[in-house]
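For what it's worth, full-length UniProt numbering labels the leading residue of the sequence shown as 1, then goes sequentially.
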Amino acid sequence: MAGSFGKLGWYVNRLRAMSIPELGHRLREAGKRRLSATRSYDYSAFAIESADLPFLSIDIDRLQSIDIDTRALWQSVAPTAIAPGIYRALGHDFLLSKEMDWHLDPVSGLRWPDNAYCFDIEYRHDRLRGDVKLVWELNRLQFVPVIAALSRLENDDELAQSALDLIESWIDANPPFKGVNWISGIELALRVISILLAIGLVGRERVGARLSRKIAACLAAHAYWLKRFPSRYSSANNHLIAEEAALFVLGTLWQGSAIDVSAARAILIAEAFRQIYDDGVGAEQSPTYTAFTCEWYLLAFSVAEAAGVPFPDDAVARVAAAGEHLRWLLDGAGNHPRIGDDDEGRVIASGAGHEPLYVGSVVNGIAALTGRQDLAADYGAPQLRNLLVGWPDATSVSGAGTRIFERGGYTVSR
1 MAGSFGKLGW YVNRLRAMSI PELGHRLREA GKRRLSATRS YDYSAFAIES
51 ADLPFLSIDI DRLQSIDIDT RALWQSVAPT AIAPGIYRAL GHDFLLSKEM
101 DWHLDPVSGL RWPDNAYCFD IEYRHDRLRG DVKLVWELNR LQFVPVIAAL
151 SRLENDDELA QSALDLIESW IDANPPFKGV NWISGIELAL RVISILLAIG
201 LVGRERVGAR LSRKIAACLA AHAYWLKRFP SRYSSANNHL IAEEAALFVL
251 GTLWQGSAID VSAARAILIA EAFRQIYDDG VGAEQSPTYT AFTCEWYLLA
301 FSVAEAAGVP FPDDAVARVA AAGEHLRWLL DGAGNHPRIG DDDEGRVIAS
351 GAGHEPLYVG SVVNGIAALT GRQDLAADYG APQLRNLLVG WPDATSVSGA
401 GTRIFERGGY TVSR
């Protein structure tokens with residue numbers, strides 16, 4: 001009974017916070033959800049026979065910049081013939097193998113439904129199974145590019161196959177729109193990037209025609225669901241940026257797909273000015289959330305630049321302003337004040353969910369990609385994301401004095 005009252009109270013509070021336009025959007029969204037529930041989907045509905053499999057291109061030579069500690073972490077993540085890999089995130093160890101159960105909660109030991117329509121699952125109020133974020137964390141597949149990167153570093157065909165086996169295992173265990181892994185758009189967005197990067201690191205030529213068709217259908221299903229159920233109104237925070245950035249990246253890399261790249265690009269440009277204030281402070285008032293938002297933009301910027309369609313200078317400058325604010329918050333060792341939420345969200349992880357120098361890694365990526373050498377600092381070694389978005393050639397000295405970020409409400413004295 002207490003659970004029922006808690007569920008009712010949650011919905012009442014959500015409704016109170018909604019504007020009239022948002023209520024209309026939520027009603028239309030609910031209608032689309034019910035309509036989709038009446039349909040029968042499988043991956044064959046998203047089969048794409050002719051298009052080449054998209055991937056995130058990476059300069060393999062840059063892998064040599066990965067330091068020994070990061071490499072050791074990657075080795076602990078990779079499964080072997082005699083032992084599973086271990087991926088640690090949100091304070092828990094996840095055991096990795098192609099036989100893994102993608103719906104098992106690591107704390108309760110219970111499974112989330114894997115054959116129910118995703119929006120019929122009461123994931124917010126299930127006290128028995130536990131916090132769904134743990135299963136979602138696993139299903140972001142952010143350990144797969146790590147295994148793929150290690151396979152390149154060590155020229156190990158078995159590791160490359162392990163990365164591909166994990167992707168195929170996920171596809172087989174998660175038919176379209178069934179189970180908890182299809183509920184949240186940001187989870188789909190992160191998974192898209194993980195798959196694209198893993199393919200780029202393994203090498204598209206290794207994938208083979210059969211698995212290529214499966215992965216293409218999986219990516220097409222992700223794009224369809226992201227477009228059908230976007231985050232809007234009170235949900236239009238970093239979730240919206242993640243969804244649109246994933247669509248932009250996937251559509252730009254996948255010529256001939258049905259993705260409206262121009263629409264995703266337009267939303268990203270508009271949201272840069274809504275979600276990052278003119279003084280560089282993130283609207284969500286969290287250093288790690290701001291870094292997470294910036295990481296999405298850096299990825300979109302780098303893909304756009306490679307495609308010959310760079311983002312407007314003012315959008316790039318707004319992300320650079322966020323980098324400047326974050327740079328002021330960081331001390332000489334790369335530490336920052338623990339302000340606001342921090343749920344270890346990363347676009348490209350580097351072997352573990354917890355990454356002490358994450359904000360510094362993103363700031364250095366901003367410095368490299370935007371040409372703001374004054375933002376560069378000696379915050380550890382390059383991480384996997386930096387092989388894509390960049391790493392500065394030199395560092396600068398931290399600014400001294402006092403800086404006021406009036407719009408965001410910060411004053412920093414150093």
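Think of the CB as a built atom: it goes at the ideal place given N, C-alpha and C, for glycine as much as any other residue.
Where the alpha helix (DSSP H) containing residue i begins and where it ends
i, result
"Glu165", "For clarity, residue 165 is Asp in the given sequence; the question names Glu instead. Note, Asp165: alpha helix (DSSP H), 157-173."
"His325", "313-329"
"Asp69", "68-77"
"Asn335", "Element bounds for Asn335: n/a, residue is neither H nor E."
"Glu305", "287-306"
"His239", "238-253"
"Trp136", "132-139"
"Glu187", "185-202"
"Pro145", "144-153"
"Leu211", "209-228"
"Ile366", "358-370"
"Leu387", "386-389"
Residue i versus the options, residue with shortest Cα-Cα distance
i, options, result
"Gly390", "Tyr297, Pro312, Thr411, Leu330", "Tyr297"
"Phe292", "Ile366, Leu226, Ala307", "Ile366"
"Val412", "His354, His325, Gly351, Thr395", "His325"
"Tyr410", "Gly282, Ser19, Ile167, Val362", "Gly282"
"Arg407", "Val202, Ile195, Gly280", "Gly280"
"Ala400", "Asp341, Ser350, Leu104, Leu329", "Leu329"
"Asp120", "Val180, Gly85, Ile193, Leu369", "Val180"
"Leu104", "Tyr233, Leu138, Ala81", "Leu138"
"Ile276", "Tyr358, Val319, Gly360", "Val319"
"Arg265", "Phe248, Pro106, Tyr87, Arg414", "Phe248"
"Asp341", "Glu295, Ser286, Val363", "Ser286"
"Leu56", "Asp69, Asp93, Asn364, Ala306", "Ala306"
"Leu90", "Gly371, Gly345, Gln373", "Gly345"
"Leu299", "Ser262, Arg327, Leu190", "Leu190"
"Asp313", "Gly371, Asp393, Tyr358", "Gly371"
"Arg327", "Arg403, Arg274, Val261", "Arg403"
"Ser398", "Leu384, Pro392, Asp378, Arg385", "Asp378"
"Ser36", "Leu166, Ile339, Ile183, Ile167", "Ile183"
"Asp93", "Asn386, Ser361, Asp374, His354", "His354"
Run of the beta strand (DSSP E) containing residue i, from where it starts to where it stops
i, result
"Tyr87", "85-89"
"Phe94", "92-96"
"Tyr410", "410-413"
"Ile404", "402-405"
Residues that DSSP places opposite residue i in a beta bridge
i, result
"Val107", "Val107 pairs with nothing; no bridge assigned."
"Lys32", "Answer by DSSP bridge pairing: none, since Lys32 is not bridged."
"Lys178", "Tyr117"
"Ile276", "Gly282"
Under 7 Å between C-beta atoms of residue i and residue j
i, j, result
"Phe177", "Tyr43", "no"
"Leu388", "Ser302", "yes"
"Ser396", "Ala376", "yes"
"Val132", "Tyr123", "yes"
"Asn237", "Glu284", "yes"
"Ala322", "Thr290", "yes"
"Pro84", "Leu73", "no"
"Leu196", "Ala149", "no"
"residue 434", "Arg204", "Residue numbering for the chain in the displayed model covers 1 to 414; residue 434 lies beyond these limits and cannot be assessed."
"Ile147", "Ala81", "no"
"Arg88", "Ala352", "yes"
"Lys214", "Ile259", "no"
"Glu295", "Val363", "no"
"Leu240", "Ser234", "no"
"Gln142", "Ser194", "yes"
"Trp102", "Ala173", "yes"
"Pro392", "Ala368", "yes"
Is the number of C-beta pairs between the stretch 150-162 and the stretch 106-114 that are closer than 8 Å three or more?
no
Are the stretch 39-56 and the stretch 115-127 in contact at 8 Å, needing three or more beta carbon pairs?
no
Any 3 or more C-beta pairs closer than 8 Å across the stretch 237-251 and the stretch 216-226
yes
Whether or not the stretch 213-221 and the stretch 267-277 are in contact is what I'm after, with contact meaning three or more pairs of Cβ atoms, one per stretch, closer than 8 Å; do they touch?
no
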